[in-house]
Each structure stands twice: as C-alpha cells, then as structure tokens.
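Each protein sequence line maps, in turn, to chains A and B.
Each residue of the first sequence is one higher than the last, beginning at 93 in my numbering.
Each residue of the second sequence is one higher than the last, beginning at 25 in my numbering.
All C-beta atoms in this analysis are idealised placements derived from N, C-alpha and C, irrespective of residue type, glycine included.
Please read these numbers as outputs of a predicted model, since none were measured by experiment.
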Amino acid sequence: MDLANKLAILADAAKYDASCASSGANKRDSRDGKGVGSAGGSGICHSYTPDGRCISLLKILLTNRCIYDCHYCINRRSSNVRRTAFTAEEAVTLTLDFYKRNYIEGLFLSSGIVRSADHTMEQVVQVARTLREQHDFRGYIHLKTIPEASPELIEQAARYADRISINLELPTQTSLDRLAPEKNLARTQQAMGRIKLKLDEAHDRRKNGDRKLRHATGQSTQVIVGADDSTDADFLARSDVLYGTYRMRRVYYSAFSPIPEPSVVLPVKAAPLVREHRLYQADWLMRNYGFRTSEILPPETPNLDLRIDPKLAWALRNRQDFPLDVQTATREQLVRVPGLGLRNVDRLITIRRHTRVRLEDLARLRVSLPKVRPFLITADHHPARYILESDRLIDRFLPKPVQLDLFDDADR
Amino acid sequence: MRTVDPGDCFETWRAAARRLLQEAVPPAEVIWEGNALPCLFEELAAYKVNADKLVVPAAFMDLAKSVACHADPDRWALLYRILWRIARGGERSLIEISSDPEIAKARRMEKGVRREIHKMHAFVRFRKVGEDDEGRERFVAWFEPDHFIVEAGTPFFVKRFANMDWSIFTPKGCAHWIGSVLKFSPGCAADPCEDPDQMEDIWRVYYRSIFNPARLKLKMMQTEMPKRYWKNLPEADLIDSLITESRERVDGMLAETPRAVRPILKNAYLEKLRNLPEVAEGE
C-alpha cells in the first residue's frame, strides 16, 4: 500500500480523538540546533476542516490493527475496516515533510493495541525517539499512552513528548464494561496518578534550574459523550476528579459520532454536538470562573440545559444574587454575570477606577447588552425588579420563534 | 492646518508626532498624509534630545507599535489624538480606559494586527524549491496579509525554521532567510513562483481524511479560517465537495447493518488483562 493510502486510513482512524492542543510546551527553538522546530508559545491552528475542528498536529495512528473491542471505535477488532500500519520511518518522514512546509505544529501519535500494551508502546516511543534524537525535531509531540504499559515505557514516552494522554472514554466502570470491555477505570486512573508524579517531578527540576530537562509538561484525556446514558453530572463529576487529583490540562468531550462500521452493541445516531458544546462551557466555568460542579448541576437536574449556556442557567436559578452593581461588585461576583467574560471583567475593574461605567462602555467592550441588562446596574441603568423576577425571563435568551410574514419578500 | 508625512512605520510616525507635540499642534490641525514632506532624519534626530522629556506610558507605546501596522490610513491621526490627550490633555490614565471610543478603536485595530500575525504563522504554506550542495533545503511561500505585518511576523519563522533557507513573498513586503541572514525587500504584486509542491497532494489526503462528515460546523470553520485566506491554502479547494458529500456519507453510516461482535481472540495478552488484580479506585 502506498503512503497516501496508508495516510488516508490512519488519519481517518485517528479523527475521533478531539485533542488538538499544541500549547504549553517548554519554550525552545531550532536556532542552536541542527533540525527544525519550535514550541512553547500559544498553539497554532494551521487549518480548519468543515467539522469546525482545527488542524494543529498531524494526528495519526501508527496502526489501526487492534485486539480490543471498544464498540464506539472504528478500529475495534469486530470492525471490517481496512487495516494497515506505518513504519516508524514513514511516520517520521511524514511529520518532518509536513512540518517544514508549515502545515502542522507537530505530531499526535496514537495506535491500536497490537500484541500487548508494551509492544505497542515501544513502537510509538520509537517514532518519537527517532524524531528527537536523529532529526533534532523540536516541534510539538503528543503521545497517546496505554495504562497497562509498563511505567518505564510511559516515562520514556513522557521524555520525548510535550503532552501525553490516556483516554478514559467513559466516566464509569459500568459503562466501560459494556462498551469497552478491555478498559479499566481504576487502572487508567492509577496510570494517570503515576504520570502526574513524574510531571510534578520534572516541573520541580526545571524550576530548580535544570533548564535542559526534556519532559512532557502535562497530560490530558478524552471522554465520549452520548454513547450511553451517562449523565452530564457523571461527566462533570469525573472531570472534577481528573482535574483535582490528576491535574489534567484538559478533559476533552467528544460527541459520539456515527462511524461507517457500527456495532450491534451501540447503534449509531447523530452526534450530540450541542451537548458537547455545553459540557465544554461547564468545564470552562469550573476551571476558570470558580464554579463548583454542584452549582452548575444541582442534584435535581443531572443534565445541562441545551437551550442556554450553563452560566446563564445558573444565574436564572440564583436570581437573588442579582442585580449587581458594576461599579462596586467584586471580581468573583462579576465573572458570574451572564455575558461578562474574564477579560472584560478585568477591563471593567480597571475602567471603574477612573470613570463611572455606563451601558455604552459595555457596548464598546463588545458585551452583549440584551444579555447583561437584567443582571447589571450601571451608572445609567437599573434593571426593573419585575424583569428579574419574571417567569418569562428565560424567553429573552431563547432564539426568536420564526414568524411568517406575508410581506417579507416585498419589504426587501 | 498642516500636512504631515507619517512615513511608513512606527518610528517615522513617532518622530513626526514628537515634533508636533513639542510645537503644541493640536490633532485637529494636522492632516496625516504620505509624501507631504520629505522625511529628514537629521532634523528628526535634532528633536530627539528635547523630546525625551515627553514621557508616555509604556502601554501606549506597545499599542501604537501594533496599530502602526494596521492598513487603515486613519491610524496615524487616531494615534496622535490619543497621544495628545495623554501628553497634553491631562488624561494620564486614558490608556487604561478600554471603553473610551478612541482607545476602543485602537484596541480593535491592535487586535486585528495581532490576529493577522497569528494567521500568517498559521497559513503560510512553504513549497520546497530545492537543496544546496550541503543539503540545506530551500522553500518559498506566498501570503496576502491585510495589514503590514511581515516584519513583525517573521521572527517566528526564523526561530522555527533556522536551518532551512526560505522566502515569504507578500504584496506588503517580503522576508528572506538565506544562509542564516535575514533580509526584507519590498512587496510584489503576484506570487513569483507558482510551482506547487508535490507534498500538497499528500497534505490534501490528510485534510480529507481527518474531516468527520458527521459533525458539520461551518460557521466555526469560517470564523477561524475566513474565506479570504482560502485561495492560498492548497487544501481549501476540497472544502465544497467535503460539505456536499457529507450528508450522503452520514446517511450511509446510519443505514449500515450493525456488525456482529467478533468473539474474543485466543490471545495471551487479553488473557493476562482479564486476570490482572483489581485496583482500588483512587489509588
């Protein structure tokens, strides 16, 4: 099989992994080296496909042969998909050829499980080792690891990579048992824990002056949303543990997508894209806005409202906290106002030291006035109490129902 | 009313603006227009000594350096109005008031410039044109930026591609890194070397294969990769067909007969997996 055909199969096999980050690496470039590459700035998305996802890394599987049988996965052993494998040399050359043309930030390498976890890990590490040691490649490398691989191999992977990851895929062992029978939640988290210790150790060594140390700076994981009946509360509770205990850089939520090789165990259906989006918003609020999981999803509502964003949903449930005065409210309070983002809150806190903030100031900061108006007091605006207390407040934020207008065409 | 030549970069504008400020010429009396006066560097240098007394916040200088790269011809007048308000109008903190109409406008321009630099780093596509005797590769690229960002955007490429030779041609200036020496040259009207690179076909294979037809998000794609960039991206001519075919591909998947579960292989490793001791969650 020629390289183009292999690439078609092994990129197709890798596309269900949502991770694309190329940021957060240790800063470096190629001016004092022999090879090519730099990393350590903010990530760069070199292209976008019509699915709205960015192309930042060459995302491929080393092989799509696999002895596991995960029913959401195109590469499971029960699938009739065409099988192939890159040689290490092919994966290396492809990475360098794309990189030198500025198509990508680096390589994201994953693999189906062949023979055993250790055997597979060795193949993956070999590609990264060749890139780093033979070609002095200084671009970004993300390696997918297998929890059952030996800790020594995982540590080797971490030494060549900038980011390593293990995909959890489903938030509970019950779900895994049904849909990914070879996967084990406790073993996965155990491996994540070991990786975290190594990442912390490397971080400390760099901080104490070992600037030459080459080591990954973070780990991430992915869960599939909508493959089974796990609730948003299940996902967010799992994310809480993953961020808190294992200090994930990111938990990716990937809407369960139809695949050309569906399993009897898991019938395909349209990908729940809005739900995926709402989970990312909730995740973001937990990590950057100081929201607790229990605030985003109170016990009586285990799923996010798909119609409105989770911060607005929280505000509508907690109207007693509003309206807030933009001139006097604390930063922690202001970031909870629907329509105000972190950056604009910081700007407003600076601005209010010099002047009385008015609605036109908010408009110039590109804040959506319809969204903040019910919740915010400004120098020239005080929201009517009845609006904030109205049962129909939510209607202001829902998309307008389409109205049929006989004269619609004539007006234009 | 006087007509002043801002030159073509931040430094020339700054020299002219300093002089105007020294002479206390209010913004309303200045028309910023190219080629109005010859730029006399000796004369500018003479003013420098005095001008140093004019202290403006570092944040203004950063803002002005970015805004100077913007293509809007009104940028020089806008910068001078802001400078005047800070230095002569007693509004020392103006730069911190991001909601002031003029600061807001300048910040938007700054954002546009930064974004265009970022897009240059993202969308420049090198084509290989050869190798020298020692195997050092040579690449060229054609890019069409909206703003004057070639100089600001080039250090990134020097750091990343230090051991290759390359030229980036644009209508707004060109950058060349040859034999580890960086040079800039005036812009050119059209792509001077149109031969495609054979890797572009492989790149298109990748683009087509990494796309998931089951999750169309066209608005997201176009926000991040606006159409004006498409003509210089070798993968962009696939976009329309990928979109049109996606419906049929997804319908095909939904109509597919589900595959039966293949029995567990007789596999020593899977056997071992099943017999691994339980790990308590949270360990």
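- Residue 141 of chain A is classed as buried because its beta carbon has at least 16 other beta carbons within 10 Å across all chains shown.
- Sequence-ordered contacts of the segment 239-252 of chain B with chain A read 239, 240, 241, 242, 244, 245, 248 and 249 [C-beta pairs closer than 7 angstroms].
- The three-state reading of DSSP puts residue 336 of chain A in helix, counting H, G and I together.
- Fully enclosed alpha helix (DSSP H) runs of no fewer than 4 residues occupy 174-184 of the segment 129-187 of chain B, in order along the chain.
- Judged by beta-carbon spacing, residue 338 of chain A lies within the 8 angstroms limit of residue 281 of chain A, meaning their Cβ atoms are closer than that value.
- The DSSP-derived three-state label of residue 202 of chain A is strand.
- Of B/178, B/227 and B/154, the smallest CA-CA separation from residue 138 of chain B is found for B/178.
- Interface residue (Cβ-Cβ distance to chain A less than 8 angstroms): residue 145 of chain B is classified as such.
- Listed along chain B, the residues sitting closer than 9 angstroms to residue 352 of chain A by beta-carbon distance are 273, 276, 277 and 280.
- If you check the CB distance, residue 130 of chain A and residue 255 of chain A do not come in under 8 angstroms.
- Taking all protein chains in view, the Cβ of residue 157 of chain B is surrounded by fewer than 16 other Cβ atoms within 10 Å, so the residue is classified as exposed.
- Between residue 282 of chain B and residue 273 of chain A, the gap from beta carbon to beta carbon reaches 8 angstroms or more.
- Legend: CB atoms of the segment 206-228 of chain B lying less than 9 angstroms from CB atoms of chain A belong to residues 221, 223, 224, 225, 226 and 227.
- The Cβ of residue 187 of chain B sits closer than 8 angstroms to at least one Cβ of chain A.
- Rounded to the nearest whole angstrom, the CA to CA distance from residue 365 of chain A to residue 320 of chain A is 15 angstroms.
- Spatial neighbours of residue 90 of chain B in its own chain (CB-CB distance under 6 angstroms, excluding positions within 5 residues in sequence) are listed in chain order as 134 and 137.
- Here DSSP, grouped into helix, strand and coil, assigns residue 250 of chain A to helix.
- Judged by DSSP in its simplified three-state form, residue 132 of chain A adopts coil rather than helix or strand.
- Of the other Cβ atoms in all chains shown, fewer than 16 fall within 10 Å of the Cβ of residue 47 of chain B; this residue is therefore exposed.
- For a Cβ distance threshold of 7 angstroms, residue set 121 of chain B lies close to residue 447 of chain A, ordered along the chain.
- Spatial neighbours of residue 413 of chain A in its own chain (CB-CB distance under 8 angstroms, excluding positions within 5 residues in sequence) are listed in chain order as 407, 425 and 428.
- Burial check for residue 52 of chain B: the Cβ neighbour count within 10 Å stays below 16, so the residue is exposed.
- Of the candidates A/349, A/480, A/143 and A/302, the residue whose Cα lies closest to the Cα of residue 240 of chain B is A/143.
- Residue 310 of chain A sits in a strand when the DSSP states are folded into three classes.
- With respect to chain A, the C-beta atom of residue 191 of chain B has no partner C-beta closer than 8 angstroms.
- From the beta-carbon of residue 297 of chain B, the residues of chain A found nearer than 7 angstroms are 240 and 274.
- Residue 246 of chain B and residue 233 of chain B have their C-alpha atoms some 19 angstroms from each other.
- Secondary structure note for residue 190 of chain A: its alpha helix (DSSP H) is the uninterrupted segment 180-192.
- Shown here, residue 347 of chain A sits in a strand according to DSSP, grouped into three states.
- Against chain A, the beta carbon of residue 150 of chain B has neighbours under 9 angstroms at 192, 193, 194 and 195, listed in chain order.
- Within chain A, the residues whose beta carbon sits less than 8 angstroms from that of residue 183 of chain B are 121, 122, 123 and 130, listed in sequence order.
- Counting only residues of its own chain and dropping the five nearest sequence neighbours on each side, residue 135 of chain A has a CB closer than 7 angstroms to the CB of 113, 114, 115, 148 and 197.
- Under a criterion of Cβ atoms nearer than 9 angstroms, no residue of chain B is adjacent to residue 180 of chain A; the nearest Cβ is some 18 angstroms distant.
- As for any alpha helix (DSSP H) of minimum length 4 sitting wholly inside the segment 212-284 of chain B, the runs are 223-234, 242-248 and 263-279, ordered along the chain.
- 8 angstroms or more divides the Cβ of residue 246 of chain A from the Cβ of residue 284 of chain A.
- Three or more beta-carbon pairs drawn from the segment 95-113 of chain B and the segment 76-87 of chain B are found closer than 8 angstroms, and the two stretches are therefore classed as touching.
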